[in-house]
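Here the structure comes first, spelled out in structure tokens, and everything after it is commentary.
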Amino acid sequence: MLVPHVIVEELILLLAKIIISAILEEKTANELNIMSSSIKYIKNYIADMSVNIDEQLIENVILYASRYNTLRSDESTDMCNDANSLTFVRHEPDQTTGEDLPFCQHLRTNTAGEAILEVLDIFRRLVILSGTVARRKHGRARAATETKEGLWSR
């Protein structure tokens, strides 16, 4: 199904080029290529917004750091049946609780505790947060990581 902006860009713009080149000349028709299409505009807008999203998030967490910033890791399986680790940072900007997803990493092996800890360690190395606590989400993590209460950063 074609959405309106795709109809304009793929059909009407093509027809306009054909008509203009038939009536006027090819050079004038080629000037329509200069027009910014909405697909390109949206793609560029998203790219501009996401250039430094990691830096912005880390700056936010550090800037508004309460005594503890917590990391919560969860595993997920995508459409291709690949395991992924999702790491959430919970922080308290302006006396409210904020939660962001700064880190989604493919797990090379499986969702065992060791694989998740390896990914958390990668994240910890990328961003050293003082007072960071990695908490287990459910009971399986205790058995998988052989710990009673969770993982505390060094």
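Numbers -22 to -1, 1 to 132, taken from mature numbering (1 follows the signal peptide of the UniProt record, and there is no 0), label the letters of the sequence shown in order. Every residue gets a Cβ at the ideal spot worked out from N, C-alpha and C, and that includes glycine. These figures come from a predicted structure and were not determined experimentally.
Practice problem: For L64, name the three-state secondary structure that DSSP assigns. | Solution: Three-state result, L64: strand.
Self-check item: Candidates T65, M13 and K21: closest to L(-10) by CA position
Solution: Ranking T65, M13 and K21 by Cα distance to L(-10) puts M13 first.
Quiz prompt | Own chain residues within Cβ distance below 7 Å of A7, not counting five before or after | solution = K(-6), I(-3) and S(-2)
Quiz prompt | Those residues which DSSP pairs with T55 across a bridge | solution = A61
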